[in-house]
Structure formats: structure tokens, C-alpha cells
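Enquirer: Taking full-length UniProt numbering, the leading residue of the sequence shown gets 4, the next gets one more, and so forth. The C-beta atom is built at its ideal place from N, Cα and C for all residues, glycine as well.
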Amino acid sequence: TKRWNLHNDQKYNDEALEEAAELLIKGKTVAFPTETVYGLGADATSEAAVAGIFQAKGRPTDNPLIAHVATKEQLTQLVIQLPVLAEKLIHAFSPGPITFVLPSNGACARNVTAGLSTIAVRMPDHPVAQALLKKCDIPIAAPSANVSGRPSPTTADHVWQDLHGEIAGLLDGGATGVGVESTVIDCTQDIPIILRPGGITKEQLEEVVGRVMVDPALINHEEQPKSPGMKYTHYAPEVPLWLVEGSFEHIQQVIDRERISDKKIGLIASTETAKQIDADHTINLGSSQQLNEIAANLYDALRAFKQGNVDLIICEAFPEEGIGQAIMNRLKKAARMVVKEM
Ligand code: TXA
Ligand code: MG
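See the structure below:
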């Protein structure tokens, strides 16, 4: 795996992007930063190149990928047509942390869409992703650049831990900003449906298009999700994690109860909560008044606790509003158990 550490040297960066683009055009896999998480890219028009992504990640082949493009013109080349509501959302939020599910015209390889009639398309808003996509001038299929099931990578080191030796290249552009993946929105119906909460919030979407629905499977876990990827176990830390709702006192009680059996407890919490609670190791996600900061630090925290350090991770629950919806969606998937306060 070739690793390029991008910095302020424009000439070096240009050469690195050039080499990375060449690898992609040749059908190899290259990881790159986006504003949400790092992606693992390959030529979306080549079935063999895309197969390399599934291989490197150990990803189930029935889980479709997102095609990344630099411009709206490129986006329209992948779909049968752009519904009016998609036009509006693209205008408002792209480039940015949002992915549109649209009727596919078959321009991408079949394994990108896992045989579905729709395709997920995203225009990322990160200078490295933008520059790379422009240089390649082909759609790039890219899931998050982690081993399937692990937390998504928000730094190049996370990618390196998971995929070193399995991929051709890694562009290190520093930590990503948003920290949770893009919002996936189905635009094939009259009313848009959020399939995965993410960087653009439901409230922001509603301001532009009025009514927005949420896939019932995101609320009721008995339902079959409309997005294939949402049914898999995800974001699992090495050590079991319990998501604990309720007051400081309740969180402390849960910790104290588990400590009786000599378990070492790791705590993941906001600054405010961390101050009030005694655990063996604490990771501070930032102020609970700044859910954006919590989102940005979340996946690094989920990767930080290792077997041997702690026996159980206790994580605080956050309000399910704004970006909090994405945070809680990921935490519920990462958790073995949700502990409610009686
Ligand atoms: O922020 C992001 O979206 C990152 C960066 C790299 O762009 N990418 C990412 O990709 O999170 P991935 O593969 O980890 O998640 C893509 C999600 C999966 O849940 C997948 O099932 C869903 O999008 N998806 C892809 N194509 C779909 C389609 N045609 N219909 C419904 N869901 C689809
Ligand atoms: Mg992923």
C-alpha cells in the first residue's frame, strides 16, 4: 500500500493525486478522505475494479456502493432522470455530506448497485476528494474504508490499521470533518425517504423540500430496512459496548454494578457527563452542547478501547435531534445492549 501524506507542498500534493488517479484508472483501489469519513475508491464502471473493494473490505456483495462524482453533470450521466425534488436537494446540499438514491441508467458496473434498479450517488465536498475525482474523470465507487463491520475511518491511521496491504494506495488528508457518514436519501418516490441519517439533518432537508419521511426500519427494528447496508452489524468496537440512557446517577449505578465483578470499565461521554462520573478510563467526546463535535470524535473513540484495556464500554446516550439522529443510529448499531433508566 502506497501512502501519500498530503501537506502544504502544492507540487507534492499534485503529484500524489496524479499517481492516485492513475492507480484508480488502472482498476486499483485507493482510499481517500471525504468530509464525512475516508472512502475506499475504485473505478465504478469496471466490475473487476469494484470487486477489489468488496474483497479488501470483506463486504457482503449484496450491499451496494455509493458512486462518487465531482460535478452535477457527471451525476446526471449515471441516472435515468433527476426528479425535481432531487434537483432541489442537490442545489441546496451538494457538494456535501448527502447521497441520493436515484433510478440507475446502468452506466456503472452491476456490482456497484448489487443488482438494484437504483444507484446511490454523492458529490463529496472535500478538497482532496474533489481534486481526485476531477483528475480521474470517471465515477468512483467508494464505501467507507474500513474492514466490514468495524467503525468507519475518520483518519488515515484508521484506514491503515484496517486495510494496510489490502489496497493499492492511501491519500492522507488528515482527520475528516463531519465524522459520521453522509445522509442517504431515496429520491425515487414523491416524498423523499431518509434511509440512513447522516451529515445533513432531517430538519435541514425539510427546510428545502417540506415533508421528509424516515425509513420505518430506522425506528422499528422489526422492519426490513430499504437500504441493504442498514441490516448488517456495524461499528462494533473490540470490547462490548452498552449504550446507557438517563441521568448521571443512573450511568454511575450501571458502572458500579459491573465493577463488583472486577470488570474494568471504559466510559465514552460528553465533557459534562465525564466530569460527574468515575470509570477506569474515560474518553471525552466534547461538549454535549456541540453535537457536531461529538459526531466528529465518535468513531475514533469507538476504535480507542482495546481488549485488555477494558472489559466493557459504557457510552452515554445523546438527544436524537439534528446530527444526534446519526450519532444515536450508529451507537445503537455499535451497542450490545441499550440500558434504559427505570
Ligand atoms: O459518507 C459516506 O457516505 C461514505 C463516504 C466514503 O462517501 N460512504 C459510505 O459508504 O458510507 P458505505 O458503503 O459505507 O455506505 C453506503 C450505504 C449503505 O448502507 C448501502 O446499503 C446504501 O448506502 N446504498 C447504496 N446504494 C443503495 C441503493 N441503491 N439503495 C439503497 N441504499 C443504498
Ligand atoms: Mg460503511
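Using only alpha-carbon positions, find the residue among Pro127, Ile297, Phe35, Tyr302 that is nearest to proline 98.
Expert: Checked all of Pro127, Ile297, Phe35, Tyr302; the closest Cα to proline 98 is Pro127.
Enquirer: Rounded C-beta distance between isoleucine 196 and alanine 47? I'm assuming under 8 Å.
Expert: Not quite, the Cβ-Cβ distance comes to about 24 Å (not below 8 Å), so this is no contact.
Enquirer: Taking the C-alpha atoms as reference points, what is the distance between glutamate 206 and glutamate 90?
Expert: Roughly 18 Å separates the two Cα atoms.
Enquirer: For glutamate 21, does the count of other Cβ atoms within 10 angstroms reach 16, so buried, or fall short, so exposed?
Expert: The residue in question, glutamate 21, is exposed, as its Cβ has fewer than 16 Cβ neighbours within 10 Å.
Enquirer: Give a yes or no on whether the C-beta atoms belonging to glycine 55 and threonine 32 are separated by under 8 Å.
Expert: Yes. Within cutoff.
Enquirer: CB of serine 155 to nearest heavy atom of the ligand MG: below 7 Å?
Expert: The answer is yes for serine 155.
Enquirer: Looking at the structure shown, is isoleucine 170 part of a helix, part of a strand, or coil, going by DSSP?
Expert: Of the three classes helix, strand and coil, the one that applies to isoleucine 170 here is coil, per DSSP.
Enquirer: Compute every distance between the C-beta of arginine 125 and the non-hydrogen atoms of the ligand TXA, then say whether any falls below 7 Å.
Expert: For the ligand TXA, at least one heavy atom lies less than 7 Å from the Cβ of arginine 125.
Enquirer: Give the DSSP-derived three-state secondary structure of alanine 45 in the structure shown.
Expert: Three-state result, alanine 45: strand.
Enquirer: Return the CA-CA distance between valine 131 and proline 146, expressed in angstroms with no decimal places.
Expert: Using only the alpha carbons, I get a separation of about 16 Å.
Enquirer: Expressed to the nearest angstrom, what Euclidean distance is found between the alpha-carbon atoms of valine 211 and glutamine 255?
Expert: Going by the C-alpha atoms only, they are around 42 Å apart.
Enquirer: Confirm the yes/no value for this check: CB of isoleucine 188, any heavy atom of the ligand TXA, distance under 7 Å.
Expert: No - the ligand TXA has no heavy atom lying nearer than 7 Å to the Cβ of isoleucine 188.
Enquirer: Just to confirm, does isoleucine 326 get its C-beta within under 7 Å of one of the non-hydrogen atoms of the ligand TXA?
Expert: Checking the Cβ of isoleucine 326 against the ligand TXA gives no.
Enquirer: When burial is assigned at 16 or more other CB atoms within 10 Å of the CB, is glycine 177 buried or exposed?
Expert: Flag for glycine 177 reads exposed.
Enquirer: In angstroms, rounded to a whole number, what distance separates the CA positions of proline 86 and alanine 95?
Expert: So the two alpha carbons sit approximately 14 Å from each other.
Enquirer: Determine the extent of the alpha helix (DSSP H) in which isoleucine 297 is found, giving its start and end residues.
Expert: That run of the alpha helix (DSSP H) goes 294-307.
Enquirer: Ends of the beta strand (DSSP E) at lysine 5?
Expert: Element bounds for lysine 5: 5-8.
Enquirer: Would the beta-carbon of proline 228 fall within 8 Å of that of alanine 220?
Expert: Yes.
Enquirer: In the DSSP assignment, find the alpha helix (DSSP H) that holds glutamate 248 and state where it starts and stops.
Expert: Run containing glutamate 248: none; DSSP gives neither H nor E here.
Enquirer: Just checking proline 63 against the ligand MG - is the residue's beta carbon closer than 7 Å to any of the ligand's heavy atoms?
Expert: Not so, every heavy atom of the ligand MG lies at least 7 Å from the Cβ.
Enquirer: Is the distance from the Cβ of alanine 148 to the Cβ of proline 156 below 8 Å?
Expert: Yes, Cβ-Cβ distance for alanine 148 and proline 156 is below 8 Å.
Enquirer: Apply the 10 Å Cβ neighbour rule to alanine 51 and answer buried if 16 or more other Cβ atoms are within range, or exposed otherwise.
Expert: Result: exposed.
Enquirer: The ligand TXA and histidine 161: does the residue's C-beta get closer than 7 Å to at least one heavy atom of that ligand?
Expert: Result no, Cβ not under 7 Å from the ligand TXA.
Enquirer: Taking DSSP as the reference, what is the three-state secondary structure of proline 106?
Expert: Strand, per DSSP.
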